[in-house]
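K.L.:
Letter by letter, the sequence shown follows residues 1 to 498 of our numbering. Just so you know, even glycine gets a beta-carbon here, dropped at the ideal spot from N, CA and C.
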Amino acid sequence: MKPQLISDIVALLDKILPKYLYANDFTTEHYKTLLSKLAVADNEALFDDKKGSIRKGIVKYFSNSNQEIELNVTFSSFALKKKFIDPSKPEAYDRMLHTNSSILLDILARKTDFSPLPYLVSIPEQIRDSIIENFLQLDNNMEHVRQSVRRQVEEIFDLDAKDITFFLRGRISIRFYTPPQKFADGVDKRFGGESVEDMEAMYNAYFPKGAWEYVEPILGEVIEEKLNFGVIDNLTFTRTFIPVFRSMIEILLLEIIRKEDRVKIEGFTGYVLRQLFHDIFVYTAKNLLQFVEIRDKNAEAFIKYFTDEIVVDASGNRIQKYAIVDSKQQRWNYSSILSIIMQYKQVKQKLSTQKETISVCENELAHCQGELAVEKSNRDSVANKLADIEDTITENEAAIERVKAKVGETPEETLSLKSQVNRLNYHQVELLDMKKKTLSQFELSKNKMSNKMSEFTRRQRKLDFEKKSLKTYLEQMASLLETYDMITEALATVLTKR
Numbered sequence: 001m002k003p004q005l006i007s008d009i010v011a012l013l014d015k016i017l018p019k020y021l022y023a024n025d026f027t028t029e030h031y032k033t034l035l036s037k038l039a040v041a042d043n044e045a046l047f048d049d050k051k052g053s054i055r056k057g058i059v060k061y062f063s064n065s066n067q068e069i070e071l072n073v074t075f076s077s078f079a080l081k082k083k084f085i086d087p088s089k090p091e092a093y094d095r096m097l098h099t100n101s102s103i104l105l106d107i108l109a110r111k112t113d114f115s116p117l118p119y120l121v122s123i124p125e126q127i128r129d130s131i132i133e134n135f136l137q138l139d140n141n142m143e144h145v146r147q148s149v150r151r152q153v154e155e156i157f158d159l160d161a162k163d164i165t166f167f168l169r170g171r172i173s174i175r176f177y178t179p180p181q182k183f184a185d186g187v188d189k190r191f192g193g194e195s196v197e198d199m200e201a202m203y204n205a206y207f208p209k210g211a212w213e214y215v216e217p218i219l220g221e222v223i224e225e226k227l228n229f230g231v232i233d234n235l236t237f238t239r240t241f242i243p244v245f246r247s248m249i250e251i252l253l254l255e256i257i258r259k260e261d262r263v264k265i266e267g268f269t270g271y272v273l274r275q276l277f278h279d280i281f282v283y284t285a286k287n288l289l290q291f292v293e294i295r296d297k298n299a300e301a302f303i304k305y306f307t308d309e310i311v312v313d314a315s316g317n318r319i320q321k322y323a324i325v326d327s328k329q330q331r332w333n334y335s336s337i338l339s340i341i342m343q344y345k346q347v348k349q350k351l352s353t354q355k356e357t358i359s360v361c362e363n364e365l366a367h368c369q370g371e372l373a374v375e376k377s378n379r380d381s382v383a384n385k386l387a388d389i390e391d392t393i394t395e396n397e398a399a400i401e402r403v404k405a406k407v408g409e410t411p412e413e414t415l416s417l418k419s420q421v422n423r424l425n426y427h428q429v430e431l432l433d434m435k436k437k438t439l440s441q442f443e444l445s446k447n448k449m450s451n452k453m454s455e456f457t458r459r460q461r462k463l464d465f466e467k468k469s470l471k472t473y474l475e476q477m478a479s480l481l482e483t484y485d486m487i488t489e490a491l492a493t494v495l496t497k498r
C-alpha cells in the first residue's frame with residue numbers, strides 16, 4: 001500500500017462525497033466515481049495494483065468521522081459493513097449517534113469559534129439542546145444520554161483523564177488540562193501572578209454582594225457529575241477537587257466578566273475560589289452526609305478512609321491520611337457519624353411532618369376565615385334587608401293613619417278610602433310576615449357566623465399549638481444540630497487536606 005495514494009483517496013472522497021457521509025449510504029455510484037477519478041475504472045490490472053490502497057483509503061475516510069467499517073473491494077463492486085457504536089441498538093440509533101458525532105466534529109473543525117480561551121471549548125446551549133434532542137427521540141433516559149454524549153465528546157476531542165467535561169448552565173464545556181504556570185522568584189503565585197489588590201477590586205466590582213449566590217445553584221450539579229460520592233474514591237477526589245472547582249468557577253466567570261478582563265481569568269478564578277473555598281466544602285461535606293444518610297456503601301468506604309495514619313500506595317508512595325476531628329478535638333468515625341446522621345434524619349422527618357401540619361392548619365384557618373367573611377357578608381345583607389322592611393312598615397303605618405284621618409264627602413269617596421285602608425292593611429300583613437321570615441334568616445345567619453367564629457378560634461388555637469410544638473422541637477434538637485454542624489465542618493476540613 002502507498003501512503004500518499006491513501007491520502008489522495010481520502011482527499012478525493014472529501015470532495016466527491018457529502019460531508020460526514022454515513023457509511024451505509026456509500027453507494028456503488030460513489031465507488032465508481034472514485035475509481036474513475038483514480039483512472040482505474042477501465043483498467044482492472046491497474047485497479048489490482050492499487051486495490052489495497054483503495055480499500056485502506058475508504059476505511060480511513062470513514063474513520064475520520066469516527067466510523068469503523070469492514071470493507072472488501074473488487075473491480076466492479078464493494079461490500080461494506082458498518083460496525084455500530086452500540087451493537088445492541090438498531091441502525092436508526094447508530095445514525096443518530098453519527099449525526100451527533102458530525103455536529104461535534106464540525107465544532108472541532110471550527111474550534112476557535114467556540115473557544116473563549118485557548119484551553120476551553122464552550123458548546124452553546126442551542127447546539128447542546130440539538131444533540132440532546134436527537135438522543136431523546138430514541139432514548140428517554142437522561143442519565144444514559146449524558147453519559148453517551150460525554151463519551152462522544154471525549155472520543156472526538158481526544159480527551160484524557162486530566163481534561164474535564166462539564167454539562168453546566170445549559171452548555172457543554174470542555175476544559176483541557178493546562179500545567180501550572182511558572183513564575184519568577186518574588187512574584188505572588190497565588191492568583192496567577194496578579195496582585196491581591198487588583199483581584200480584590202475585580203471581585204468587589206463584579207460581585208458586590210459576594211459570588212456565592214452565583215456558585216451555589218450550580219455546585220450540586222458539578223459535585224454529582226464530577227465528584228459523585230456514590231462512585232468516587234478518596235484518592236481520586238483529592239486529586240481532582242481543585243481542578244474541578246477551579247474549572248467550574250472559570251466557566252462561570254467567562255459568562256460574567258468583560259472580554260478585556262479575560263487575560264486575568266486564571267488569577268481571578270483562583271481568587272474567587274479562595275473567597276468561597278470554605279462555603280464550597282461545607283456544601284460538599286453536606287452532600288457527602290446525604291449519601292451516608294441513605295447508607296450508600298461507597299460513601300461508607302469514603303468516610304472510613306479517614307484515619308490518622310500513613311499508608312503506602314501501589315506505586316510505593318507514602319500517603320498521609322487524616323482523621324475527622326471537630327473544633328472540640330473530638331474524633332469521628334463512620335459509626336459515630338452514622339449515629340448522629342440517623343438521629344438527624346429522624347429529626348428532619350419530624351420537623352418536616354410538623355411543618356406540613358402547620359401548613360395544613362394555616363390553609364384550614366385561611367379557608368375558615370374566608371367562610372367567616374362570607375357569613376358576615378350574608379348577615380350584613382340580611383340586616384340591611386330587615387332594616388329596609390322595618391322602614392317600609394313604619395311608612396305603611398303612617399299611610400294607614402293618614403287615610404283613616406280623611407273623611408269622605410260622598411259615599412263613593414268613603415268607599416274609596418275604606419278600600420285604600422284595606423289595601424294598606426293587607427300590605428302591612430305582608431310586610432310583617434316578611435319581617436318575621438327575615439328575622440328568622442337573620443338569627444340563622446348570626447348562628448352560622450357564631451359557629452364560624454368558634455371554628456376560627458379553634459383553628460387559630462390549633463395553629464398556635466402546632467407552632468409552639470415546632471418551636472419546642474427546634475429547641476430540643478438544638479444540640480443535635482450543633483453536633484451535625486460540627487461534623488459538617490470537620491468533614492469540610494478533612495476533605496481539603498492533600
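I believe serine 122 touches serine 173 by the beta-carbon criterion, under 8 Å. Please report the beta-carbon distance rounded to the nearest angstrom.
P.N.:
5 Å
K.L.:
Per the contact definition of three or more C-beta pairs closer than 8 Å, is the region 32 to 49 in contact with the region 9 to 16?
P.N.:
Remark: three or more beta-carbon pairs, one from each stretch, lie closer than 8 Å, so the region 9 to 16 and the region 32 to 49 are flagged as touching.
K.L.:
Going by the CB atoms, is the gap between threonine 438 and valine 374 shorter than 8 Å?
P.N.:
no
K.L.:
Do the region 473 to 490 and the region 342 to 354 make contact, defined as three or more Cβ pairs closer than 8 Å?
P.N.:
yes
K.L.:
What are the start and end residues of each continuous alpha helix (DSSP H) run of 4 or more residues lying completely inside the region 122 to 164, in chain order?
P.N.:
125 to 136 and 142 to 156
K.L.:
Taking the C-alpha atoms as reference points, what is the distance between glutamate 309 and methionine 202?
P.N.:
Going by the C-alpha atoms only, they are around 42 Å apart.
K.L.:
Which residues in the same chain as methionine 477 place their Cβ atom closer than 8 Å to its Cβ, once the five residues preceding and following it in sequence are excluded?
P.N.:
Val347 and Leu351
K.L.:
Could you tell me the alpha carbon to alpha carbon distance between serine 148 and aspartate 94, rounded to whole angstroms?
P.N.:
Cα to Cα, serine 148 sits roughly 12 Å from aspartate 94.
K.L.:
Quick one: what's got a C-beta closer than 8 Å to glutamate 390's C-beta in the same chain, skipping five residues either side?
P.N.:
Lys435
K.L.:
When the Cα atoms are used, what is the spatial distance from tyrosine 22 to methionine 96?
P.N.:
Using only the alpha carbons, I get a separation of about 10 Å.
K.L.:
Taking one C-beta from the region 148 to 158 and one from the region 130 to 139 each time, how about it: are there three or more such pairs within less than 8 Å?
P.N.:
yes
K.L.:
Can you tell which of Asn43, Ala45 and Leu38 has its C-alpha closest to the C-alpha of isoleucine 58?
P.N.:
Leu38
K.L.:
What is the DSSP secondary structure of phenylalanine 191, counted as helix, strand or coil?
P.N.:
Coil at phenylalanine 191, not helix or strand.
K.L.:
First and last residue of the beta strand (DSSP E) that includes serine 508?
P.N.:
Lying outside 1 to 498, the shown extent of the chain, residue 508 is not represented and no answer is given.
K.L.:
So, with DSSP's three-state summary, where would you put leucine 120?
P.N.:
Strand.
K.L.:
Which value, in whole angstroms, describes the spacing of the CA atoms of histidine 367 and threonine 99?
P.N.:
56 Å
K.L.:
Round the Cβ separation of histidine 278 and alanine 492 to the nearest angstrom and send it over; I've been treating them as touching at under 8 Å.
P.N.:
7 Å
K.L.:
I need the DSSP call for glutamine 441, collapsed to helix, strand or coil.
P.N.:
Looking at glutamine 441 - three-state DSSP - the assignment turns out to be helix.
K.L.:
My output table needs one value for glutamine 67: the three-state DSSP class, helix, strand or coil.
P.N.:
coil
K.L.:
So leucine 105 packs on serine 53, CB below 8 Å; how close in whole Å?
P.N.:
Not a contact, Cβ separation roughly 24 Å.
K.L.:
Any heavy atom of the ligand NAP closer than 7 Å to the beta-carbon of proline 180?
P.N.:
The model on display carries no ligand, and the ligand NAP is accordingly not part of it.
K.L.:
Is isoleucine 164 near serine 102, with beta carbons less than 8 Å apart?
P.N.:
no
K.L.:
Locate the alpha helix (DSSP H) running through glutamine 320, then write down its first and last residues.
P.N.:
No alpha helix (DSSP H) contains glutamine 320, which is instead part of the beta strand (DSSP E) from 318 to 321.
K.L.:
Measure from the alpha carbon of aspartate 120 to the alpha carbon of each residue in Ile156, Tyr177, Glu154 and Asn72, then state which is nearest.
P.N.:
The question names aspartate, but residue 120 in the sequence shown is leucine. Among Ile156, Tyr177, Glu154 and Asn72, the Cα nearest to that of leucine 120 belongs to Tyr177.
K.L.:
My assumption, with CB atoms under 8 Å, is that isoleucine 324 sits in contact with tryptophan 332. Please give the rounded CB distance.
P.N.:
4 Å
K.L.:
Below 7 Å CB to CB, which residues in the same chain sit around leucine 276 once its five sequence neighbours on both sides are set aside?
P.N.:
Ala211, Trp212 and Val215
K.L.:
Among the candidates Gln67, Asp86 and Ile156, whose CA atom is the shortest distance from the CA of lysine 111?
P.N.:
Ile156
K.L.:
To the nearest angstrom, how far is the alpha carbon of asparagine 396 from that of leucine 386?
P.N.:
15 Å
K.L.:
How many angstroms separate the CA atom of tyrosine 473 from the CA atom of isoleucine 249?
P.N.:
39 Å
K.L.:
Looking only at C-alpha atoms, which of Leu80, Glu197, Glu29 and Asn228 sits nearest to lysine 56?
P.N.:
Nearest of Leu80, Glu197, Glu29 and Asn228 to lysine 56, Cα basis: Leu80.
K.L.:
Tell me, to the nearest whole angstrom, how far the beta carbon of valine 494 is from that of tyrosine 322; I am working on the premise that it is less than 8 Å.
P.N.:
5 Å
K.L.:
At 4 residues or longer, what runs of the alpha helix (DSSP H) sit wholly inside the region 420 to 489?
P.N.:
none
K.L.:
Take the Cβ of phenylalanine 245 as the centre, count every other Cβ of all protein chains shown within 10 Å, and call the residue buried at 16 or more, exposed below.
P.N.:
buried
K.L.:
What does DSSP give as the partner residues of isoleucine 324 in its beta bridges?
P.N.:
Trp332
K.L.:
Measuring alpha carbon to alpha carbon, tell me which of Asp25, Ser76, Lys89 and Thr269 ends up nearest isoleucine 69.
P.N.:
Across the set Asp25, Ser76, Lys89 and Thr269, the C-alpha of Asp25 shows the shortest separation from the C-alpha of isoleucine 69.
K.L.:
To the nearest whole angstrom, what separates the beta carbons of isoleucine 218 and leucine 252, a pair I think is in contact under 8 Å?
P.N.:
Sure, about 7 Å apart at Cβ, within 8 Å.
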